[in-house]
Structures are given as C-alpha cells and as structure tokens.
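Shown next, in structure tokens, is the structure this report addresses.
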Amino acid sequence: MRPRDNTPLSGDSFGEQEKMTWSKGRLLAVALLAAASCLSPQAASAQQKRAFHPEPHEVGIDLTAIAPVSLRGGYRQFDRETIVATIQNDEEYGPIVADMQNQVDELVKLSDDELRSLIPAASTIRALMVNTAGCPVHGGGTRVYAPFGIHTDLSYPLSVRCPIGGEVYPNEEFPDDGTGWVDLRPGNDTHGQRYYFVGWFNHWFLRWLPDRIETMARLWFILDDERYAHAATVLLERLMEVYPHMSGEDLTYDGSDWGVYVKMLPTMWEGEELVDLVDAVELMLPRLDDDLLERFHASIFRPAFEAYREKPAPSNWGSVWNAAFARFAVITGDREILEFMLHEHPAAIVPTLDNQFFRDGFPYEAAFSYSAHYLDDARDISDALGKHGEWIWAHPRLRRSFEAFADLIILDKFTHFYGDTGGIYNRGLTLKPSLLEEAIRHSSSPKIARYLRQAYDVHGRHRSSSIEDAFSTSEHDRVETDSPVVAEHELASTLAPVKGVAIMRTGRGEGRAALYFDYGYAHAAHSHADRLNINLFAHDREFLPEMGYPEYMDSVQPTPGGWTTHTASHITVEVNEKRQLEGVFGDLHGFVHGEWIKYVDASCEDAYVHADVSLYRRSLALIDIPGGAYLVDLFRVRGGEKHDYLFHGPPVDVTLGNIELANPWRGTLAGEDIEFGVKPDSVLPYHVDNKGYQYLFDVRQGTVDGPYHAAWNLPDGVTFYANFVPAEGEQFYETSGYPRPSSKKPPAMPFLVRRTKPVDPGDLSLFASVLSYSKDTSQIIEAKMLTLSPDSDSDAYALLIRHRYGEDVMMSCLTPSGRAKTADGRFELHGQFGAHSTREGAPPRMMLVGGTSFSADGEVMTLEDEAATRTIREMYDDRLVLDGPLPAWAAGEILLATRGQVESAYRVEHIRGDTVYVSPGTWIGKGRADRYEREAATIFDHRDVFPLGEKRNRLADLSGMVYPEGNRNYYAGSWLVAEDGTNHYRLTSGGFPGFVLDSEQDLDGVEKRFSEGEPFLLYDIGPGDMVKVLRWRDR
39 MRPRDNTPLS
49 GDSFGEQEKM
59 TWSKGRLLAV
69 ALLAAASCLS
79 PQAASAQQKR
89 AFHPEPHEVG
99 IDLTAIAPVS
109 LRGGYRQFDR
119 ETIVATIQND
129 EEYGPIVADM
139 QNQVDELVKL
149 SDDELRSLIP
159 AASTIRALMV
169 NTAGCPVHGG
179 GTRVYAPFGI
189 HTDLSYPLSV
199 RCPIGGEVYP
209 NEEFPDDGTG
219 WVDLRPGNDT
229 HGQRYYFVGW
239 FNHWFLRWLP
249 DRIETMARLW
259 FILDDERYAH
269 AATVLLERLM
279 EVYPHMSGED
289 LTYDGSDWGV
299 YVKMLPTMWE
309 GEELVDLVDA
319 VELMLPRLDD
329 DLLERFHASI
339 FRPAFEAYRE
349 KPAPSNWGSV
359 WNAAFARFAV
369 ITGDREILEF
379 MLHEHPAAIV
389 PTLDNQFFRD
399 GFPYEAAFSY
409 SAHYLDDARD
419 ISDALGKHGE
429 WIWAHPRLRR
439 SFEAFADLII
449 LDKFTHFYGD
459 TGGIYNRGLT
469 LKPSLLEEAI
479 RHSSSPKIAR
489 YLRQAYDVHG
499 RHRSSSIEDA
509 FSTSEHDRVE
519 TDSPVVAEHE
529 LASTLAPVKG
539 VAIMRTGRGE
549 GRAALYFDYG
559 YAHAAHSHAD
569 RLNINLFAHD
579 REFLPEMGYP
589 EYMDSVQPTP
599 GGWTTHTASH
609 ITVEVNEKRQ
619 LEGVFGDLHG
629 FVHGEWIKYV
639 DASCEDAYVH
649 ADVSLYRRSL
659 ALIDIPGGAY
669 LVDLFRVRGG
679 EKHDYLFHGP
689 PVDVTLGNIE
699 LANPWRGTLA
709 GEDIEFGVKP
719 DSVLPYHVDN
729 KGYQYLFDVR
739 QGTVDGPYHA
749 AWNLPDGVTF
759 YANFVPAEGE
769 QFYETSGYPR
779 PSSKKPPAMP
789 FLVRRTKPVD
799 PGDLSLFASV
809 LSYSKDTSQI
819 IEAKMLTLSP
829 DSDSDAYALL
839 IRHRYGEDVM
849 MSCLTPSGRA
859 KTADGRFELH
869 GQFGAHSTRE
879 GAPPRMMLVG
889 GTSFSADGEV
899 MTLEDEAATR
909 TIREMYDDRL
919 VLDGPLPAWA
929 AGEILLATRG
939 QVESAYRVEH
949 IRGDTVYVSP
959 GTWIGKGRAD
969 RYEREAATIF
979 DHRDVFPLGE
989 KRNRLADLSG
999 MVYPEGNRNY
1009 YAGSWLVAED
1019 GTNHYRLTSG
1029 GFPGFVLDSE
1039 QDLDGVEKRF
1049 SEGEPFLLYD
1059 IGPGDMVKVL
1069 RWRDR
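Whatever position you read off the sequence shown (first residue = 1), add 38 for the working numbering.
Next up, the structure:
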C-alpha cells in the first residue's frame, strides 16, 4: 500500500501572501526565538513562562500631520489645463461628458427660485417608498421600490407619476400636505396606511442631489460653462440652509421602519453623498469665497458628524461614513472627527480592520456584495486620507481579505450567491477589476493576480474610462495577469474557517467540478437561514441555485419578504417546519483533499436550538469519475418531530423515476387550507416560526418504495441527476414554487421535499443522496444502502454506488473511533470515513480518513493512529508551540482546535520541532478596556465593534422579532490577552455587551491590569487547548 502524498496544498486555502511575505514583526520574532538558546537560565525560564507572544499590528498614522495651514489648504488642487486636455484628446470621454450633461440638463434650465423649491423644509417627510402596495389605484408593489422606482421626474416637482396609469400624485382625490395621504377607503387592503407622494419625491431627489451637484461642478470645471456652477451653487446654498435642521426622525422606509436613520438619508447612503458634496466644493473652489466655505464646513461637516456621533451605525452602514469623516478631518484639521473616524464608533476604521475583518480575511456581512463593500470603504478611506492612508493597505487583515475572496472562485468565474446576493441565474461573480487592480499595486500576490484575470473575464477585459479617471493621479492601465506564474496558480480545495465555508475542487479542464458547502458564520447581517447548504458546479454552471436577494429588503412587509432567505428555499434540512436560526456557526469535523476523493464533514446544531436538535450534520464526498465527478451527500438529524430534506435543481421541469405521485392537493405545503403566500399575521417573515411552506404549491405526495431518482434536462443537453436513497419511513412531496413569489418571474420551478417523522425524539434521520450530471445518459446506475451488522454504530451508514465506470462503496461514521460493518462482512470501517472503488481495467482504490483500519473484500488499509493530538503550550500570531511535535504527515493538513464548546480550524503550513506554523493567524481581535465590572467579571468596550459576539435580541425592539436563545457565543473559550502577553484570561462569552471572564480563574489582577482605556488582544485558542489533525490515507 502506498501512503498518499503529504505535500502541502500550496497554501491555497488560506492565502499565499502570508507565506510569501513576512512582516517585520514576524522576522523579529524569529530572530528572538533563534537567540533564545543564548539566554541565561534565568532569562530563558522567564521567557518560557509567557504563554502568549503577541505581535500587534500598529496604526501608521501621525495625527499631528493632518493640520491644514489655511481654510483652503486641506482641499486637493487639480491641474485644470492638463485634465481638460486629457478629456479632449481621448474620444472615450466624449460620450461620458454628454451623459453627464443629460443627467443635469433639466436642473440647469430652472430658475433660482425653482431650484430652491425642490428642497422643502427640513421637517418634510422623506420616504423611500410611496407604499409597499405601490400605487393607490393600480398597485404594482411586487418588489422593493416598485412601481415608482428610485428616480424623480422634474416635470412633476414634489410629486410622483404612476408608471402604470399615468396619473400624478398628490391630486384632489389623493391630497398630501407632506405628511402623506391616509387611505380611509372601506375594505381596502391598505386601509389606515399612508401613501407618501411628497415624501417619496423629497427623499429620492435628496438621495441623488449631492451626486448631481458634483456632476455640475465637474462640467463647469471641464467646459467652463457658468450655468453648471451657478445651478450647483444655488442648490448647495439651499441644502446648507436645510441640512443642519434635518433629522432621521423625519425619514421613513414605508411607514414601518427597520433601519438606522441618522440625518438626511438612510445611513448606508448618506456618507458617500457627503463625499460627493465635498468633491463638488473642491472642484468649484476657485469661484467660491471664504464665507461660503466657512458656512459649508459649519452647516454640513459639523451637523453630519454630530448627528452620526449621537446615533452611530454598525457594519457597512457605518463604514460608508468614514471616508466622509476623513475628508472633513483632512480639510479642517478637526482632531475630534479624526479620532472618532479612526477609533470611536462601531465601524471606526481601526477596530474594523482588527475585528470586522476576521482572521480568515472575510469582512463582516454575510453576503458577497455587502462584505465586499468593506474593501471599497477601506480603499475610499485610504484615498480620503491621501498620503496618510497607506497604512490601511498595509494592514494584514485587508491584505488577506483579497485572497479570501479569490479563494471563493469556482470554475474561474463563479462565486456562490451566498446571503443577500444575486438571483436564480448565476453567470459569474467576482470583485470589481478596478478594486483588484488597486490591491495588486499594494501587494504582489499570484493568487490575487489570477483572480484579477478571472475578474477581467467576467466583467470584460476592456477597462472603460470614467470621469473620475481624468481627475485621478493613480495609474489606470490594465494590470498584466497572463504571466506563467499566474496561469499555474490553480486553486485546490479551500477552507474559510470563520466564514464557515469549504469549497472542494477536483478535475482539470472541462472535467472540473466543485462543491460549495456552508456550515455557518457567527453573525446574521444580510444572511440567509441556510446552514449546511450546498451547491454543485460543473460544465460551466451551477446545479443548485440560490433564489438570491430578497424581493423586499425589510423584515416586516410584505409577506414574500421572507422567501429567498428562508430555509425552505435552500438545499438543507428544515426541522419541525421552522426556519433555521440565522447568525449561528457550525463546526468542522473533517476536510480532506485526496487524489480521487474530496471529503468534508461539518455540523451546526445551533441552527435548531429552538427544536431540541442534538445532531445536525452533513458528510459529503466528491468522487472523481472519467470526465467529471459525482457527489455523495449524507445528512444526519436527531431531535425534533419532523425532518424535511429540502431539494431543488436548476429552474427547469423535473422528471421523477421509481415513484408514484398522487393528484395535487389544495392549498400549499403549509396546509391544504393555507393559500399561497399567506401566513399568520403574528408571525414575521424572518422569524423562526415562519414555516416557509406557504410558498410551495401544487403539492403531490409520492409513494416511496426503495431508491428513486430525479432528472433535470437543460436546454444545451446537460442533465442533472439526483438519486435518493430513502430513510426509514420517508415520505416524498413534489411541489412548485416561484424563485420570486411577488413578481412570479421567472416561472415556477420544482421543489422536492423528503420527510421523516421520528417516533422517538432520539431517533436518527439519515438522508442519503447521490448527485451527478452528464451530457448523455446518467452516470449513476444504482445507489442503495448497505445493511450494517448490529454491532455497528447507530449513526453509521454504508452506501453502494454503481456507475458507468465501476462501483464505489462509501462508509461513514461520526468520529475517528466509529465502527461500521456490513451485514455480509465484505466491508468494515474503524474510523470516520472509508471508501472503496473499482474501475474497469484498473486495480481497486481505497481511502481511510480518521481511523485505524478499513477492509474491503479482503483488502485492508491501516493507519498507526486515527489522528495526531497535542496540547498547546505557547501562542504566537502565526504559530503554536505544542507539548510535542506533530508528525511530518500533518504538514498541509487541517488542524482542528477545541476550546470548550467551540471548534476552530487552521491549515498546518509547516512544522519545526514542537512548533507548528498555521494559517490563518490566531489572533481574532483587538479591543479596549473602557470599564471593568468586578461582580460580573466583565470587561466592556463601549464601541460595540465585535460582530461575531452579537446578541440577536438586542434588535427586538427595532425588528419586532424575538429570537430563540441558547446558541453558542463565538468568543466562548477564547482568550483575552494583554498587549505585551503578560496577562491572559479565558472567556466564557464576548462581544456585545462585554467580555465575560471565566470566574474559575484567578481574577485578582484584572482590574489593575486593564485600567480604563487599556488595549487588549483576543486570541482564538491558547495554552491547554487541544489540537488534532485527522490522519488519512488513500491509494
């Protein structure tokens, strides 16, 4: 038997940059370690007593350097002659300038009084939507902002025109004095609700006003046409009169609010619009007098800052304000604003980089576009600070983040639409090329370069010019990404251990395939209730698509708002007809990138803390066959009264085999008496009590008698197959559902449900499936369960797969000490996973993961031990000192670390004696001890900058929802450490509202050590924690 090759996987899963470049701090640490042998016995003993050896990243900004010498000294200066010549000599700019003129043409035609009248009094209601139902006569509210959209028509000032019937509101029948028209029509669905006709115009005009003012300023700068500067200045003056008196209390979404409204606009937009205003003033600086500049600073800068400071926002809502605050500080030298932007609010840039860019590189927010926004914001803040902003690009978390996004790429163009992202059709998704170009200029990484090449292929190789390019001092030529180094940098299987995502990749060329597996992220911002969800990619497509971004972005109105985020619309298991709890994280139990099998295993019981679930676990194996691969899926659930394995394929009709269906019943899967989309008024769309099944109709129950299958025939001749091996007592339902229930576009598609009802709460449901694809006939001939002997583990499973090229047997247990044996004695596993494969004309192959032996038809594969287990003695940012060396075979594998209730994962980069170098790094955050409460043994950081420890029910008053409690806190079992490493304390929980120290420790010195304002570091694991690496072998 030949042991498998133990060569590390080129660092693909955690970032090539960390291997290629070492910070000065790390080099210094290595030098100190090398010199340790020369220390005196007393000094060496003192050094050995330190359990933590932090290397904190320092902020590289000199606050005293940001001090303009005059009122205008903080503004940038532009070479007008050069910029105008650039635009005139490049034909690409002609259409851009023409489009800019079209955008503001109506504005420059208006008189000063007409321009000023477009901005009513500060107290006038501003509303994002007229009403969620749409027009009071024609309706049309099938999605967010429908049917009126988000752009005003200046032909109807302070009014709105219905695009369906053409009538204009307000009018005599539907008057609106600025507070909205109240619907008092008897029996109407919106009886008692307000329609905000004036409010809608007021909000959306102000939403785009700073951008329009900036556009007119640019046109004046380029064309020297005074009309543009005059109109821009009139509107700016009027806004300066009104803005100081605006309040977020006068801003509403649709009358039922969910957001954080600071002042003029929804929080997520106002920061960037303030930057547009600054840019506009900067461009018109030569024609503006000092009095206007002073009033601009007083009526825009300070009111905006003071309003936000009073009501700061978390996540990307707050991040977008940082660039504006940076501009304010650079222009005025205001240290208060600068300090606040850097350190003092929930999205301040320094604690954001330290805590909201997680150790695996992914930023806060559980959806692609929202988390990517953090990268845009970091770049914008760096740009706003000018030469004082380069330290942002040097921060290790930001550098790592670009590689983390690169690790998500599948088949060179796809990113799975996780969270509030995309829709039913995925044609490719990457970060924007312009952002990646900027990253490449600050960090040379083959992985990022390769990702940029993929981004060019998705977005287009030709980089279109923008008007901002002409004003920028940065280079904008396309970065070269076709070098052999980049071309050879292929991704293997990758793991994001904090995001809780594994991507298993296999094959080459057209035979490539990939499995996406989401086992859980410890926060809920823009997330879906989709723990243990999967997707399969091959043949230049995805086979298990997401429904995508919600049709409605709020949690209270209307009913279909909960569908695309619901458990019911994903490939997972729903328990007790309840939605999963969002914002919970799972645990990894195995990750193996073998030569012919890629195996991953994870659980997330926290998703159903409200259903008394004790086991919620998925084991997956991607197995190579000629021309591609197939997927074995084993989903185990224990606890609860009803388990529904939910499944859908591509949005085409499905053909079922070996199953008989009854006629469709009335109503929906939620009940024959429950109509489509209807739920109890007391249940909110995003609450766990929302079944989600009211969106599934045309329900047909099937009779299950042995394995059955489904096929989705796609227009280009590719067919996707699912072979289902039924659990004991399994029921089957074929249903239909709309990807977008409100608009009912695209058409309805099949959704399949496999249901078990355990007799006893401790009974196990095990859903076994085999997923495959082909351009001709099915690859899979048969999939069936193999009967196990009585002495096998109760949760063990064996599966036989016959396919066109041979026969495979998979055996699965839950732990390395598991045992499974087939009743006929042919196959026996002592371990977590075993596989045996026969192919025509080739010798049999075997794999054993996390065990000591696997036998198949007389052939035996053994391992000396099931895993390498060690205990941590000392901690560094990038390495662990253990109580003994790991074996050489552990290099390149995944190290699983246990800290009480929480499991963590790392890649073993290399081993040197008792020291193991790991990635990503071990420190998970940095805070500030603003207060210590002795009785509660809790350290508080009042800034609330730790989203992984969020408590969902603190939002109950805002959302109207009360969530179940009982899920684990991400920081439980982690370590709070002094910056110099001399003091460290185990935590029992952390985040909001504070970090609770384990009371079993000696806490006498805490109050003295962490006095007011003292910084502290957070480490994922620490001394005494156990780590293990599963051993595996294939041949």
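Ideal Cβ placement from N, Cα and C applies to all residues, glycine included. Predicted, not measured: the structure shown is a model, and the values here were computed from it.
**Q.** Through-space distance from Pro689 to Leu722, alpha-carbon basis
**A.** For Leu722 and Pro689, the distance between alpha carbons rounds to 28 Å.
Q: Given a cut-off of 9 Å, decide if Gly695 and Ala765 are closer than it, judged by their beta-carbon atoms.
A: no
Give me the Cα-Cα distance between Tyr281 and Ser337, rounded to the nearest whole angstrom.
-> 7 Å
Going by the CB atoms, is the gap between Asp671 and Ile572 shorter than 9 Å? Yes, the Cβ-Cβ distance between Ile572 and Asp671 is below 9 Å.
Checklist line | Residue from His686, Met379, Val613 with nearest C-alpha to Val651 | finding: Val613
Note down, one range per segment and in chain order, each beta strand (DSSP E) of at least 3 residues found wholly within the stretch 940–1005. 940–950, 953–957, 961–967, 969–971, 976–978
Point to revise | Opposing strand residues paired with His747 [DSSP bridges] | key: DSSP, once it has assigned bridges, lists Gly695, Asn761 as partnering His747.
**Request:** Counting only runs of 3+ residues fully inside the stretch 291–379, write out the beta strand (DSSP E) ranges in chain order.
**Result:** none
Worksheet item: When DSSP labels each residue in this structure, what does Ala935 get in the three-state scheme?
Response: strand
Next on the checklist: DSSP three-state label for Met278, please.
Outcome noted: Three-state result, Met278: helix.
query = For Gln769, which residues does DSSP report across the bridge?
reply = Arg793
- Item | Bridge-paired residues (DSSP) for Gly889 | Gly869
- [ ] Quick one: residues in its chain with C-beta nearer than 7 Å to the C-beta of Trp355, no 5 flanking neighbours on either side, listed in chain order?
- [x] Val298, Thr305, Met306
Query raised in the report: How would you label Ser593, buried or exposed, when you count the other beta carbons within 10 angstroms and need 16 or more for buried?
Result: Per-residue confidence for Ser593 stands at a pLDDT of 45, beneath the threshold of 50, marking its modelled position as unreliable; no derived number is given.
ask   = Between the stretch 321–328 and the stretch 380–395, are three or more C-beta pairs nearer than 8 Å?
value = no
task = Note the first and the last residue of the continuous beta strand (DSSP E) segment covering Asp846.
result = 844–850
Inset, instruction - Take Arg877 as the anchor and find which of Trp634, His948, Gly1062 has the nearest alpha-carbon. - result: Trp634
For this session: Check whether the stretch 820–829 touches the stretch 757–777, taking contact to mean three or more Cβ pairs, one atom from each stretch, closer than 8 Å.
Result: At 8 Å Cβ cutoff, the stretches touch.
Can you confirm whether the stretch 560–572 touches the stretch 600–614 when touching is taken to mean that 3 or more C-beta pairs between the two stretches lie within less than 8 Å? For the pair of segments examined, the stretch 600–614 was found to touch the stretch 560–572: the number of CB pairs separated by less than 8 Å reaches three.
Is the beta carbon of Leu809 sitting closer than 9 Å to the one on Val675? Cβ atoms of Leu809 and Val675: not closer than 9 Å.
Problem set entry | Distance, Ile932 Cα to Ser51 Cα | Because the pLDDT of Ser51 is 38, which lies under 50, any placement of that residue in the model is unreliable, and the number read from its coordinates should be weighed accordingly. About 10 Å.
- Query: Is it buried or exposed for Leu65, if we count other Cβ within 10 angstroms and need 16 for buried?
  - Reply: Caution is warranted here: a pLDDT of 33 is assigned to Leu65, below 50, making its placement in the model unreliable, and the coordinate value is therefore given only provisionally. Leu65 should be labelled exposed.
Spatial distance of Ala81 from Ala103 (CA atoms): For Ala81, the pLDDT reaches just 36, beneath the cut-off of 50, and the residue's location in the model is therefore unreliable, although a value from the coordinates is still provided. Rounded to the nearest angstrom, the two C-alpha atoms are 41 Å apart.
Do the stretch 973–992 and the stretch 1023–1036 meet, that is, are 3 or more Cβ pairs less than 8 Å apart? The stretch 973–992 makes contact with the stretch 1023–1036: 3 or more CB pairs, one atom from each, lie closer than 8 Å.
inquiry  = Tell me which residues share the same chain as His229 and place their Cβ nearer than 8 Å to its Cβ, disregarding the 5 neighbours each side in the sequence.
reply    = Asp221, Leu222, Arg223
Item checked: Residue environment, Asn209, which counts as buried when at least 16 other CB atoms sit within 10 Å -> exposed
*What is the C-beta distance between Val756 and His874, in whole angstroms, given that I count them as a contact (C-beta under 8 Å)?*
In fact, because the Cβ distance is near 29 Å, the residues do not count as touching under 8 Å.
(message) Checking 9 Å against the spacing of the C-beta atoms, do Asn1021 and Val1000 come in under that value?
(response) no
(request) Would you give the residue range spanned by the beta strand (DSSP E) that Phe575 belongs to? (result) 571–576
inquiry  = Among Gly286, Gln870, Leu244, Asp1040, whose alpha-carbon lies nearest the alpha-carbon of Ser657?
reply    = Among Gly286, Gln870, Leu244, Asp1040, the Cα nearest to that of Ser657 is on Gln870.
### Task
May I ask you to verify whether the stretch 238–258 touches the stretch 131–149, counting CB pairs closer than 8 Å and requiring at least 3?
yes
What residues match up with Asp662 in a beta bridge as DSSP calls it? Ala667
Evaluate Lys425 with the Cβ neighbour count: other Cβ atoms within 10 Å of its Cβ, from every protein chain shown; 16 or more gives buried, anything less gives exposed. exposed
Checklist entry - Count the other CB atoms within 10 Å of the CB of Ala74; is the residue buried (16 or more) or exposed (fewer)? => result With a pLDDT of 35 at Ala74, under the threshold of 50, the modelled position of this residue cannot be trusted; read the value that follows with caution. Exposed is the call here.
What does the alpha-carbon distance come out to for the pair Arg1069 and Lys636? 14 Å
- Item | Exposure of Ile977, with buried meaning 16 or more beta-carbon neighbours within 10 Å | Residue environment: Ile977 is assigned as buried (16 or more neighbouring CB atoms within 10 Å of its CB, all protein chains considered).
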